[in-house]
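Here the protein sequences come in this chain order: A, B and C. First residue of the first sequence? That's 98 in this note's numbering, and the numbers climb one at a time after it. First residue of the second sequence? That's 28 in this note's numbering, and the numbers climb one at a time after it. First residue of the third sequence? That's 3 in this note's numbering, and the numbers climb one at a time after it. By construction, the Cβ of each residue, glycine as well, lies at the ideal position given by its N, Cα and C atoms. Remember, predicted model here, so these are calculated numbers, not experimental data. For reference, the structure is listed below as C-alpha cells.
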Amino acid sequence: MATVLEPTVTPVPVVVDPGVLKRPKNPTGVWSWMTTVDHKRIGILYGVSAFVFFLLGGIEALLIRLQLAQPNGTILSADAYNQVFTMHGTTMIFLVVMPMSAAFFNYLAPLQIGARDVAFPRLNAFSYWTFLLGGIFIYSSFIFGGAPNGGWFGYAPQTSITYSPGHNIDYWVIGLLILGIASTVGAVNLIVTILNMRAPGMTLMKMPIFTWMTLISSFLILFAMPVITIALFLLMFDRNFGSNFFNPEAGGNPVLWQHLFWLFGHPEVYILILPAMGMVSEILPTFARKPLFGYPVMVISAVAIGFMGWGVWVHHMFAVGLGPVAISAFSISTMFIAVPTGVKIFNWIGTLWGGSLKLNTPMMFAMGFVAMFTIGGLSGVTHAVAPHDRQQTDTYYVVAHFHYVLFGGALFGIMGGIYYWWPKIFGWLLSDRIGKLNFWTWLIGFNMTFAPMHLLGLQGMPRRIDTYDESLGLDALNMVATVGSFVIAFSTCVFMYNVWHSKKHKVMAGPDPWDARTLEWATASPPPAYNFAEEPVVHSVDDFWHQKYSEDDEGRPVRRDSGTDPAEHDGAAANGSSGDEHADEGHGIHLPSPSYYPLVAAFGIFVLGYGMVYGRDAGVNYVGAGLGALILFVALYAWGMEPSAEPHDPDDDIPLLPDPEEEPALAAAGAAGALGAAPEGDGDAADSAGTEAEADAVTEAGTEPGTDAGTEPGTDAGTAPGTEPGTEPEGT
Amino acid sequence: MMGHPRRRRLTAATGLLAFLLVSACGKETLPQNTLDPQGPEARRLDDLIDPVFLVAGVVFVLVQGLVLYVAFRYRRRSEDEAPKQVHGNVKAEIGWTIAPAVILLVIGVFTVFTLFDISETPAGPGVVKVKVTGHQWWWEYEYPDLDVVTANELHIPTGQKIDVTLLSDDVIHSFWPPKLAGKVDVVPNRVNKMVIEADKPGVYHGQCAEFCGISHSRMRLQVIAHTPADFERWVASNTASAIVPDPEEDEEAAAGAAAFRAKGCASCHTVKGFAAGEVGPDLTHFAQRDTFAGAMFKNDERHLRAWLRDPPAEKPGSIMPDLDLTEEEIDDLIAYLDTLK
Amino acid sequence: MATTPATATTPDISAHTEHGHVTNTGLSNEKLAMWAFLGSECLLFGALISTYFLYRGKSISGPTPEDIYDIPYTSVSSFVLLMSSLTMVLALAAIQRGDYRRLRVWLMATALLGASFIAGQVYEFTSFIREGLTIKTNLFGSSFFVLTGFHGVHVTLGIIMLLSLWNLSLRGKLTQDRSEVVEIAGLYWHFVDVVWIVIFTVIYLIPT
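Dropping the structure here:
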C-alpha cells in the first residue's frame with residue numbers, strides 16, 4: 098500500500114471548481130482503493146494500515162527493550178529514548194488498536210446488521226484517509242527534526258513551549274487533533290448506521306454482541322474525543338499564540354491538563370478494550386457450539402462499563418495530591434467498575450462450560466484473552482487501593498497492568514478476530530497449524546515480557562526512564578522482559594508467514610466455514626459489494642444459527658433440513674470463491690459511487706496540520722494552514738454538491754481505465770470538457786443504495802440502469818480483496 | 028505431536044517462576060523495593076495491599092484454573108457433539124455480580140480508612156519540617172526551622188515523623204523514596220504534603236517518578252536516616268557558613284574559590300558567606316555529600332572532574348553548561364569544593 | 003464536516019418499521035448524525051466552559067472582567083443572535099409550505115443577524131485589545147478569547163451554511179421535499195444559539 102499512502106499524487110490543482118473532478122471509475126487498481134466508499138474495502142484499508150503501524154510501534158518497543166535490557170543502556174540517547182517511548186504509546190493506542198477496531202467495525206457492523214453499507218459511505222472514506230494521513234503526519238516528525246518526546250499523556254507544563262521548545266510536541270498535538278477528527282466522524286457514522294439501518298426484525302436486543310460493542314465504543318469515542326480535543330486545543334494555543342492555560346507563571350494549573358486528559362483517557366481504555374470483548378464474545382460461542390451465556394447481561398454490563406468509565410478518571414491521578422474525599426470517591430468507583438468486568442469474565446467461562454470446544458487458532462486467542470485480561474483486571478483492582486497506588490503509579494507495575502489489558506486483552510482479541518473473520522474477508526482460511534505456533538509464541542512472549550514488569554515496578558523501577566543503575570538489582574528481570582519482547586517479534590513474523598503461506602496454498606472457506614451464528618456468515622466469502630442479495634429478516638439473536646439449527650426437547654441443537662440452509666441459499670452464487678460480478682444485475686441494487694473528495698478533504702487537513710506546526714516560526718506565519726483550510730473547504734463544498742451515487746451518464750461509456758497512471762490525465766481532460774456537465778447538486782439522486790423507490794428515481798434520472806453503476810462496485814469487491822490486501826503484510 | 032514442545036514450555040515456565048520468586052526474595056539487593064517497607068508510612072501501605080494481593084491471587088488461580096479446566100474437559104472430541112444450549116442462568120449471574128461487589132466493598136472500606144489516616148498532617152514536638160523543591164533535574168531540601176539548605180540527600184532522624192512540603196520550580200516531578208513512603212507529585216503552583224519516617228538509620232534510595240524531561244531517569248534521591256543524636260550533629264555541621272580559603276594555607280583551594288567567582292559558578296550556586304546564586308544546588312556543605320547532580324554520581328575526584336569538563340555530556344539536558352574550564356581550573360575547583368565541609 | 007452536513011446527503015435505508023419491530027430511530031440518517039454531532043459538541047463547549055470557570059478570578063494580573071465587560075453592549079448582540087433563531091424557524095416554516103421566496107428572505111435574515119453578532123464580537127475583541135486585554139495578558143484573557151472565539155467560529159460556519167442554502171434555493175435546488183436540509187441546518191444554528199446563552203450567562207452575568 099506504500100504507493101497509496103503517497104499524498105503527492107492527489108490531484109490538488111483541479112479542486113478549484115467543484116464540478117471538475119470527474120467521478121472516479123476504475124474498478125481495480127490503486128485509484129479504485131483511493132476513491133472507494135465500500136465499507137468492506139475501507140475496513141481492509143484500516144486493517145492493513147493499522148498493521149503497518151503495529152510493525153512500527155513494535156520496532157519502537159524492541160528499541161525500548163534493548164535499551165533497558167541491561168543497566169546503564171547505551172543503545173539510545175536519552176532524547177531518542179523519550180521520542181521512542183512516546184511514539185510507541187501514541188502509535189499503539191491511536192494508530193493500532195483504535196484503527197484495528199475501526200477495521201472490524203467498518204467491515205462487520207453493516208454485515209452483522211444486514212445493511213448494504215454504512216450510513217455515510219463517503220464520510221467513512223474521509224475518516225479513513227484522515228486517520229491515515231494523521232498517522233503519516235505524526236511519523237513524518239522523525240524526518241523533520243524529531244518525534245514527539247513528552248509521553249503519550251503529554252503532561253503540561255513539560256509539553257509547554259518553555260520546556261519543549263522544538264516542534265516535537267507540535268506534531269503530537271496537531272497529529273492527535275487530526276486523528277480525533279477521524280475517530281469522531283467515524284463514530285457518528287457507525288452510530289447512525291447501527292441505530293438506523295438494522296435489518297427488519299433486528300431490535301437492539303437481537304443485535305450481534307460485536308455490533309453492540311461497536312455501538313458502545315462509538316458513543317464513547319463521540320463523547321471522549323471532544324474532551325481531549327479541547328485539552329490539545331488549549332495546549333496548541335499556549336504553544337502557538339501565547340495563551341496561559343498551562344503556564345504556572347501566570348497562575349495556570351497543570352492539573353487541569355490532567356483532568357481533561359484522563360477524562361478522555363479513561364473512556365479511551367474502554368474504547369480500546371470493548372471491541373476486543375465483542376470479538377471474543379462472537380468467537381467463544383461459535384467454537385463452543387453454545388449461545389453466549391447471558392446475552393442480556395453481557396450487553397448491560399458493557400453499557401454499565403460505558404457509563405462507569407466516565408467516573409473513574411482520577412485513579413490516574415492518585416499521587417497528584419487531591420484531597421482524601423475526592424480520592425476515596427474515585428477509589429470506590431474504580432473498584433466497582435471491576436464488577437461488570439468480572440461478570441463478563443464469568444459469563445465467558447459460562448459460555449464455554451458444557452460446550453463442545455473446538456480449540457483452533459481463533460478460539461485459543463479468545464480463551465487467551467479471557468485468561469490474560471483477567472490478570473490485567475486484577476492488577477487494576479490493586480490500583481484502586483488508592484493509598485498503595487502511590488507505590489504503584491508511574492512504575493513498571495502500571496506498565497505491566499495496562500499491557501495485560503491492551504495486549505493481553507485488546508491484541509489477543511484482535512488476533513482472534515483476524516483469524517476468525519479472515520476467511521470471510523478474503524475467502525480463504527489462514528493455516529491453523531501455523532496459527533497455533535503463532536498463538537503459543539504470542540502467549541509465551543507476552544507473559545515473558547510483561548509478567549516480570551509487575552515485579553520490576555514493585556521493586557522500584559519507575560516508568561519512562563531510559564537508564565537505571567545496576568545497584569537497583571533490576572537487571573535480571575529486565576533481561577527476561579527483553580528476551581520476551583523478541584519472542585513476540587518472532588510471533589509477529591509467524592503471523593506474516595502464515596498469511597503468505599496460506600495465500601500460496603489457498604484453502605477456500607465457503608460462506609460459513611465455522612458453522613457460525615451471525616448474519617455476516619450468511620453471505621458469500623468475501624461478500625459481494627452489495628453484501629446481501631436480499632435484505633435479511635431477523636427473528637432472534639444469532640438468527641443465522643437458528644436458521645440452521647432447531648433445538649430438541651433436551652435443548653440440544655438439531656440441524657435443520659439442509660435444503661433450507663440459508664448459507665447455501667445466499668452463498669450459492671459465490672460458491673465459496675470471490676463474488677460473481679454480475680450477480681447483482683437482476684436485483685437493481687444501486688450502490689454509492691466512489692469519490693475523490695474524501696481523500697482531497699483529508700489531504701486539506703494534512704496540509705493544515707503542517708501549516709499549524711510551522712506557523713509559529715519566524716517568517717512562516719500561517720500561510721500553509723490557510724492553504725490547507727482552503728483545500729479542505731473547497732473539497733467539502735464539492736463533496737456537498739456531488740451526489741453520493743452517480744446516475745448513469747452516457748458520456749462515461751468509455752473503456753474503464755486499467756492503468757491508474759492515466760487517471761490524472763482523465764481528470765485533467767474532464768476539467769476541460771465536463772465543466773457544466775457534472776451532475777451538481779442533484780439531490781434526489783443523492784439518496785441511493787437503498788429502497789427500491791430511490792433506485793427507481795435514479796433510473797429515471799439516468800436511463801439504462803445497471804450497466805454502469807450496477808456492475809462497477811461488484812467488480813471492485815470481487816477481484817481486489819483477494820489480491821492486493823492479502824499481499825500487504827508480508828511485504829512489510 | 029504437542030507433547031514435546033509442551034514439556035519444554037513447562038520447563039521454561041517452571042524455571043521462570045522459580046527465577047521470579049528468587050529475585051523477589053532477595054530484598055537486601057533491591058534498594059527501591061516497595062515490598063520491603065522500612066518505616067511506618069510505607070508499612071501502612073504494604074499492610075493494606077498484602078490481603079488484596081492475596082484475594083487477587085485466589086481469583087487469579089480460580090479463573091486460570093477454570094479456563095484450563097474447560098479447555099481440557101469440554102474439548103471437542105467428535106464433530107457430532109451437540110451440547111445443551113444454555114442461554115444463561117440468572118441465579119449464577121446474580122451470584123457472580125454480588126460476590127465480587129461484596130469483596131470489593133470490604134477492600135474499599137479499608138482503603139478509605141487508610142487514605143484518611145495517611146492524609147493527616149503530623150503534629151507534636153518531634154516532627155521535623157522539610158520543604159522539598161523539585162528542579163530539572165535535582166532536589167532541593169530546606170529545613171525552615173533549622174536554617175539548613177541542602178540538595179539530593181535528605182537527612183532525617185529515625186523514629187520521628189517528617190512533615191514534607193512539596194513544591195516545584197519548573198515541571199511536574201514526583202518525590203518517591205519507596206521504602207519510606209508512596210510517591211507524591213511535585214506540581215508547579217501547588218503545595219503538596221507527605222509524611223515520611225524511617226525505623227532504622229541507613230540510606231534509602233529513591234528517584235523522581237513523574238516524567239520531567241530528558242534527564243528524568245537521572246533525577247535520583249537519597250534519604251539518609253540518622254539516630255536523633257547523629258541528626259542533631261548533622262544539623263549543627265550544616266548551619267555554619269563556609270570559610271573562604273586562605274591563599275597562605277591552601278593556594279589551590281583559594282585559586283579555586285577565585286575561579287568559582289570568575290567562571291560564573293557563583294551566579295548560580297549559593298555558598299553561604301561567599302556566593303548567593305539561586306539556580307543550582309546550594310554548595311555550602313558540598314564536601315559532606317556522598318553524591319551530586321541528582322544523586323547520580325559519587326562525590327569523588329574522578330566524577331567531579333568528568334562533570335566539570337562537560338556537565339551536559341554526563342547528564343543530558345543539564346542546565347549547568349560546559350564552562351570551557353582548563354584542567355588547572357578544574358583542579359583548583361575540586362580543591363575548593365573539597366573545603367566545603 | 004460542520005460546513006456541509008446539510009448538503010452531504012447520503013443513502014438512506016430506512017422504513018424498516020413496516021415489519022412490526024422498530025429497527026431504526028425514526029429519524030433520517032442525516033438528522034440523527036447531526037444530533038450525534040451536536041452531542042459531541044456539547045462536550046467540546048463543556049470542556050471549554052469548565053476551563054473558563056476554573057480560571058475565574060485566578061488571574062495574577064489585570065485587567066479583570068469587571069474592568070472591561072460592557073454588559074449592555076453584549077446583551078444587545080446576544081439578543082440579535084437570539085432573534086436569528088426565530089428567523090431560522092420562520093425559514094423552515096416557509097420551505098415546509100413551499101414558499102421559496104420567504105425561505106430565502108428568512109435564510110438571509112438569519113445569516114445577516116448572525117453576521118451582525120460576529121461583527122459585534124469583532125468590535126468587542128478589538129476594544130478589549132485596545133484596553134490591554136489580549137490572549138497573552140492573563141488567564142482571563144486566554145480563557146475569554148478562546149471560549150468566545152471558538153463560539154464565534156461556530157457561528158461563522160453556520161453563516162456559511164445558511165448562505166449555501168440560500169444560494170441553492172436561488173438556483174431552484176432547494177425544494178419543499180428537501181425541507182429537512184433546512185431543518186438540520188436549523189438544529190445546528192439553534193444549538194449554537196443555546197450555547198451562547200450558556201456562555202453569556204457564565205462569563206458575563208455570574209459575578210466572580
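Nearest-angstrom beta carbon gap, residue 253(A) and residue 351(A) [assumed within contact, 8 Å]: Translated into the one-based positions of the first sequence, residue 351(A) becomes position 254. Translated into the one-based positions of the first sequence, residue 253(A) becomes position 156. With 8 Å as the limit, residue 351(A) and residue 253(A) qualify as a contact, their Cβ atoms being about 5 Å apart.
Residue span of the beta strand (DSSP E) that contains residue 219(B), given as start and end: Your numbering for residue 219(B) matches position 192 in the second sequence. Per DSSP, residue 219(B) belongs to the beta strand (DSSP E) from 219-223.
Whole-Å CB distance - residue 250(A) paired with residue 182(A), under 8 Å assumed: Taking the first residue of the first sequence as position 1, residue 250(A) is located at position 153. Taking the first residue of the first sequence as position 1, residue 182(A) is located at position 85. The C-beta distance from residue 250(A) to residue 182(A) rounds to 11 Å, too long to meet the 8 Å contact threshold.
Touching by the beta-carbon criterion (3+ pairs, under 8 Å), the region 275-287 of chain B and the region 356-365 of chain B: Yes, since at least three Cβ pairs between the region 275-287 of chain B and the region 356-365 of chain B fall closer than 8 Å, the two stretches touch.
Contact under 8 Å by Cβ, residue 320(A) with residue 42(C): Here residue 320(A) refers to the residue found at position 223 when the first sequence is read from its first residue. Here residue 42(C) refers to the residue found at position 40 when the third sequence is read from its first residue. A contact, by the Cβ cut-off of 8 Å.
For residue 646(A): DSSP bridge partner residues: Reading the first sequence from its first residue, position 549 is the one you call residue 646(A). According to DSSP, residue 646(A) bridges with 656(A).
Helix, strand or coil at residue 167(B) [DSSP, three-state]: The sequence position of residue 167(B) within the second sequence is 140, counting from 1. Reduced to three states, the DSSP call for residue 167(B) is strand.
Distance, residue 624(A) Cα to residue 533(A) Cα: Numbered from 1 along the first sequence, position 436 holds the residue referred to as residue 533(A). Numbered from 1 along the first sequence, position 527 holds the residue referred to as residue 624(A). The alpha-carbon of residue 533(A) is positioned some 27 Å away from that of residue 624(A).
Chain-ordered residues of the region 302-331 of chain B with a beta carbon less than 7 Å from chain A: Per Cβ criterion, the list is empty.
Sufficient close CB pairs (3 or more, under 8 Å) joining the region 161-178 of chain A to the region 224-233 of chain A: The region 161-178 of chain A makes no contact with the region 224-233 of chain A, as fewer than three CB pairs between them are under 8 Å.
Top-ranked residue by Cα proximity to residue 289(B), from 351(B), 305(B), 262(B): Residue mapping note: residue 289(B) aligns to position 262 of the second sequence, counting from 1. Its Cα nearest to that of residue 289(B), the residue 351(B) stands out among 351(B), 305(B), 262(B).
Contact list for residue 443(A) against chain B, beta-carbon separation under 7 Å: Taking the first residue of the first sequence as 1, we reach residue 443(A) at position 346. Correct list: 123.
Three-state secondary structure assigned by DSSP to residue 603(A): Along the first sequence, read from residue 1 onward, the residue named residue 603(A) stands at position 506. Residue state, collapsed to three classes: coil.
Neighbourhood of residue 204(B) by C-beta distance below 6 Å, restricted to the same chain and skipping five residues each side: Position 177 of the second sequence, counted from the first residue, corresponds to residue 204(B). Short of 6 Å from the beta carbon of residue 204(B), and not among the five residues preceding or following it, lie these beta carbons of its own chain, in chain order: 231, 233, 250.
Delimiting residues of the beta strand (DSSP E) encompassing residue 277(B): The residue given as residue 277(B) occupies position 250 in the second sequence. Per DSSP, residue 277(B) lies in no beta strand (DSSP E) segment and is marked neither H nor E.
Cutoff 8 Å: residue 403(A) Cβ touching any chain C Cβ: Along the first sequence, read from residue 1 onward, the residue named residue 403(A) stands at position 306. Output row for residue 403(A): interface = no.
CB of residue 111(C) within 8 Å of CB of residue 161(C), strictly: Working through the third sequence from its first residue, we reach residue 111(C) at position 109. Working through the third sequence from its first residue, we reach residue 161(C) at position 159. Contact: no.
Beta-ladder partner(s) of residue 559(A), from DSSP: If you number the first sequence from 1, residue 559(A) lands on position 462. Residue 559(A) pairs with 492(A).
Sequence ranges, beta strand (DSSP E) only - wholly within the region 239-268 of chain B, length at least 3: As far as the region 239-268 of chain B is concerned, its whole beta strand (DSSP E) runs of at least 3 residues are 247-253.
Rounded straight-line distance, which links the Cα of residue 326(A) to that of residue 198(C): For the purposes of this step, residue 198(C) is taken as residue 196 along the third sequence, with counting starting at 1. For the purposes of this step, residue 326(A) is taken as residue 229 along the first sequence, with counting starting at 1. Note on geometry: alpha-carbon atoms of residue 198(C) and residue 326(A) lie some 20 Å from one another.
Residue 573(A) vs residue 550(A) beta-carbon contact at 8 Å: What you label residue 573(A) is simply residue 476 of the first sequence in a count that begins at 1. What you label residue 550(A) is simply residue 453 of the first sequence in a count that begins at 1. The answer is no: Cβ separation not under 8 Å.
Given residue 390(A) as reference, the closest of 111(B), 165(B), 69(B) once Cα atoms are compared: Within the first sequence, the letter at position 293 stands for residue 390(A). Ranking the options by Cα distance to residue 390(A), first place goes to 111(B).
DSSP three-state assignment for residue 305(B), whether helix, strand or coil: For the purposes of this step, residue 305(B) is identified with residue 278 of the second sequence, where counting begins at 1. Residue 305(B): coil per DSSP, three-state reduction.
C-beta contact flag for residue 446(A) and residue 248(B) at 8 Å: The residue labelled residue 446(A) in the question sits at position 349 within the first sequence. The residue labelled residue 248(B) in the question sits at position 221 within the second sequence. Residue 248(B) is positioned such that its CB atom lies no closer than 8 Å to that of residue 446(A).
Residue-chain proximity (residue 432(A), chain B), Cβ-Cβ < 8 Å: For this step, residue 432(A) is matched to residue 335 along the first sequence. True, the Cβ-Cβ gap to chain B drops below 8 Å.
Where the beta strand (DSSP E) containing residue 178(B) begins and where it ends: Residue 178(B) sits at position 151 when you count from the first residue of the second sequence. Per DSSP, the continuous beta strand (DSSP E) segment holding residue 178(B) begins and ends at 175-178.
Beta bridge counterpart(s) of residue 234(B) as assigned by DSSP: What you label residue 234(B) is simply residue 207 of the second sequence in a count that begins at 1. Per DSSP, 247(B).
Straight-line Cα distance separating residue 705(A) from residue 171(C): Within the third sequence, the letter at position 169 stands for residue 171(C). Within the first sequence, the letter at position 608 stands for residue 705(A). Using only the alpha carbons, I get a separation of about 32 Å.
Residue range of the unbroken alpha helix (DSSP H) whose run includes residue 441(A): Reading the first sequence from its first residue, position 344 is the one you call residue 441(A). In the DSSP assignment, residue 441(A) falls within the alpha helix (DSSP H) that extends over 421-449.
Residues near residue 299(B) in its chain [Cβ-Cβ closer than 7 Å; skip 5 each side]: Within the second sequence, residue 299(B) is the residue found at index 272, counting from 1. Spatial neighbours of residue 299(B) in its own chain (CB-CB distance under 7 Å, excluding positions within 5 residues in sequence) are listed in chain order as 268, 269, 311.
Spatial neighbours of residue 168(C) in its chain, beta-carbon cut-off 8 Å, leaving aside the 5 residues before and after: To locate residue 168(C), count along the third sequence from 1; it is residue 166. So the list reads 106, 109, 110, 113, once near-sequence residues are dropped.
Cut-off 6 Å between Cβ atoms - residues of its own chain near residue 671(A), not counting five sequence neighbours on either side: Within the first sequence, numbered from 1, the residue matching residue 671(A) stands at position 574. For residue 671(A), the predicted model reports a pLDDT of 38, less than 50, meaning its position is unreliable; a value from the coordinates is still stated below. Close CB contacts of residue 671(A) within its chain, under the 6 Å cut and outside five residues either way in sequence, are with 621 (chain order).
Straight-line Cα distance separating residue 562(A) from residue 570(A): As a working mapping, residue 570(A) is identified with position 473 in the first sequence. As a working mapping, residue 562(A) is identified with position 465 in the first sequence. One C-alpha to the other measures close to 15 Å.
Touching by the beta-carbon criterion (3+ pairs, under 8 Å), the region 719-735 of chain A and the region 158-166 of chain A: Short answer: they don't touch.
Secondary structure, alpha helix (DSSP H): runs of 4+ residues fully inside the region 155-200 of chain A: As far as the region 155-200 of chain A is concerned, its whole alpha helix (DSSP H) runs of at least 4 residues are 175-187.
Beta-carbon proximity check, residue 185(B) vs residue 212(B), cutoff 8 Å: To locate residue 185(B), count along the second sequence from 1; it is residue 158. To locate residue 212(B), count along the second sequence from 1; it is residue 185. Not a contact, by the Cβ cut-off of 8 Å.
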